[in-house]
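Note that the sequence shown ends on residue 770 in this note's numbering; no numbers are left out. Scroll down for the structure; my scribbles are underneath it.
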Amino acid sequence: ELSSAALSSLGRLLRDGEMLSLEVLDFEGVYGNCSYGESDFEVDTEGLAEVLGGLNVVAVPHLKCLNLKRLMVRDAAANALISSLSSDEAPPLETVHLCISTLGMESKHGEALGNGSLPFIRTLDLRLIGGPAAVALMKALNEAPISPEWEDFSLTVGGDGEEGDANFYMLIDLEVCFRFGRLASLQWLQIKYTEVWGEDEYGYADGFLEVLTMVRLPVLSHFSAQRLGMDNTEFQWLGEAVWAGNFPQLRSLNLS
């Protein structure tokens, strides 16, 4: 596990030009497991931001692969990373594996994540927390000229955070993404109800399930809708979607 001091040292090495030959930077699992939006550890976001913000063609001119699987990147670290990746001075990356939350993310970085300008992202484990960045990401995804080319895509909607006011609009944009076929590469979908969601948003989260009867998710293997208080109508929608073969690879269904 990397300490704050270790992150600071790594950031200093980058600034001092001590990693010019680096081709692969692998953080997978160094803080634990945050796969599919779950996290039980505290990351030094400022220290991580120092490292990720230092990734540029001058510091790491040969960097081809960045692996951030199972490491939740959020707040300052998320902003620093997306800023680095979308910069004209970005390293020559070919493959990025990313676990990231929109919590604390700036709108412009949410837009960059959704508009297709970062084609080297191969794996995306995304936690959408209602707020400006989440709305900007969904809007950019809907308006992008082509669907994203994420090879391994996991999505958790809602969860911990204090940006619940925008969840309603985020879910509307997410529904449009499904209708337009922008999420065909989705393998893991988890919808969480939390106390920060208002009553109207809670109801819309229920109704959101209806869109699943209208779309096909060919590689979806896990679907979880926790504490949504599904009634007979919602169960019928879900049953219709499964019966119609909309999720041919579905192996796990959690409605608890």
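C-beta: ideal position from N, C-alpha, C; glycine also. Please read these numbers as outputs of a predicted model, since none were measured by experiment.
- A Cβ-Cβ contact shorter than 9 Å links residue 638 with residue 666.
- By the criterion of a C-beta distance shorter than 6 Å, residue 543 is surrounded in its chain by 584, once the five residues flanking it on both sides are discounted.
- Comparing C-alpha distances from residue 622 to each of 593, 524, 695 and 527 shows the shortest one belongs to 593.
- One alpha carbon belongs to residue 760, the other to residue 749, and they sit about 15 Å apart.
- The shortest CA-to-CA distance from residue 645 to any of 671, 751 and 736 is the one to 671.
- Setting aside the 5 residues that flank it on each side, residue 629 is surrounded in the same chain by 654 and 658, each with a C-beta closer than 7 Å to its C-beta; the list follows chain order.
- In this structure, the alpha-carbon of residue 687 lies about 28 Å from that of residue 609.
- Looking only at 734, 616, 576 and 563, the smallest Cα-Cα distance to residue 590 is reached by 563.
- Note: residue 737 is bridge-paired with 703 and 767 in the DSSP secondary-structure output.
- In the three-state DSSP reduction, residue 597 falls in the helix class (H, G or I).
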